[in-house]
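In my numbering, the protein residues as written are 172 to 549.
A virtual CB, placed ideally from N, CA and C, is assigned to each residue, including glycine.
Predicted, not measured: the structure shown is a model, and the values here were computed from it.
Notes follow once the structure below has been shown.
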């Protein structure tokens, strides 16, 4: 039923000219559906965050004070063409004691409806109150604006989608908004890098699933290893069809290599989230230059260094201002399930309340519990 509904959405989206990146996000396969089911089971098996006592203290006057984790209330979720979000957000909200109102994109309406019905049926069988998971089945755009004004009913709004959707929700919501930022992810290959590791990491970060926010967008390479490293990674990328947008020094090194898709980099390539088999390449003179480039063009999502120099790795990890910072690993690991959190509601590039993969604890707040025995303030 779910796969049949998804096929209707996919075929209609493809016929309407939807881009490859969005089509990939829309598509559900048996393997992806199994992955969603496994993530849901992982969430179910996680410790219940609600009721966790975060800290306790007893004051000199005898008051006993504790800080206790509680649900946020009702979560609103507005998202685009990723039907997996329907289950990811529902499972996380349910586990964290919240109700959720879902509004997916019109391109995935059949998939979302089928998935939501499965979730609602499971809730009914488990005795969960009716209405805990709700899906707005109308695709009327005016309903989005109506949702954004439902302060007092919806406690937190979460947009999942492109920059346009995030901007719309952030600027118009009457309630607090928790956003997942776009990914502009860099991998820096340092002068001391193990080049075999660096090829494997950059290949995985770019090719394994190029349409997602934690895929590599820009490769920075130290000039002392560029001559040896760039042809090696370029040949591997070329096998996967990657188009490389090169600065002058990278172009000079790669132009003699046959069968590569090369283009001169422009200012627009720095800071661009490709969501496709394209990558920008820049040769830098130092770690300092790499850090400056990331500070200027990064989105604060996921950044990586490949190096055998412990001090360089430590400096990179400490100085890069991003939600997830890697040493000698692919940025593709920025994901709630990969971090052992179960599913996720998105990757936050904000600094307040939540940062990085947003999972169960990010859907809770806390309150103070004070127990006394007649104490009054003097």
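- In the three-state reduction of the DSSP assignment, residue 335 falls in the helix class.
- Taken through DSSP and simplified to helix, strand or coil, residue 524 comes out as coil.
- Less than 8 Å separates the beta-carbon of residue 390 from that of residue 452.
- Assignment of residue 362 by DSSP, reduced to helix, strand and coil, places it in the coil class.
- Residue nearest to residue 348 within the set 243, 375, 191 is 243 (criterion: CA-CA distance).
- Taking all protein chains in view, the Cβ of residue 547 is surrounded by fewer than 16 other Cβ atoms within 10 Å, so the residue is classified as exposed.
- Residue 487 counts as buried, since no fewer than 16 other beta carbons sit within 10 angstroms of its beta carbon.
- Here residue 342 carries a helix assignment [DSSP, helix/strand/coil].
- Under the 10 Å beta carbon count, residue 219 is surrounded by fewer than 16 other beta carbons and is classified as exposed.
- In this structure, the CA atom of residue 447 is about 21 Å from the CA atom of residue 360.
- By the criterion of a C-beta distance shorter than 6 Å, residue 235 is surrounded in its chain by 229, 542, once the five residues flanking it on both sides are discounted.
- Along the length of the region 294-331, whole beta strand (DSSP E) runs at least 3 residues long occupy 304-306, 327-331, reported in chain order.
- Between the region 370-383 and the region 336-346 there are fewer than three C-beta pairs closer than 8 Å, too few to call the two in contact.
- Under DSSP, the beta-bridge partners assigned to residue 415 are 433, 450.
- The alpha-carbon separation between residue 508 and residue 472 amounts to approximately 17 Å.
- Straight across, the Cα-Cα distance linking residue 534 with residue 421 is about 44 Å.
- Around the beta-carbon of residue 320, fewer than 16 other beta-carbon atoms lie within 10 Å, marking it exposed.
- In this structure, residue 480 lies away from residue 309, with their beta-carbon atoms at least 8 Å apart.
- For residue 240, DSSP records a beta bridge to 537.
- If you look at residue 206, you'll find it in the alpha helix (DSSP H) that goes 201-216.
- The DSSP-derived three-state label of residue 472 is coil.
- Contact between residue 517 and residue 331 holds: CB atoms are separated by about 5 Å, below the 8 Å threshold.
- Beta-bridge pairing by DSSP links residue 226 to 238.
- A check of alpha carbon separations from residue 409 across 255, 254, 430, 418 identifies 430 as the nearest.
- The region 206-215 makes contact with the region 250-267: 3 or more CB pairs, one atom from each, lie closer than 8 Å.
- Shown here for residue 226: same chain residues with a beta carbon closer than 6 Å to its own, the five before and five after excluded, namely 238 in chain order.
- The straight-line gap separating the alpha-carbon atoms of residue 454 and residue 382 is approximately 25 Å.
- Residue 400 has its alpha-carbon roughly 16 Å from the corresponding atom of residue 457.
- In the structure shown, residue 518 adopts extended strand secondary structure according to DSSP, grouped into three states.
- Beta-bridge partners assigned by DSSP to residue 273: 248, 306.
- Of the candidates 267, 280, 497, 205, 497 places its Cα closest to the Cα of residue 476.
- When the alpha-carbon of residue 333 is set against those of 345, 415, 322, 443, the nearest one is in 443.
- Looking at 532, 346, 393, the one whose alpha-carbon comes closest to that of residue 460 is 393.
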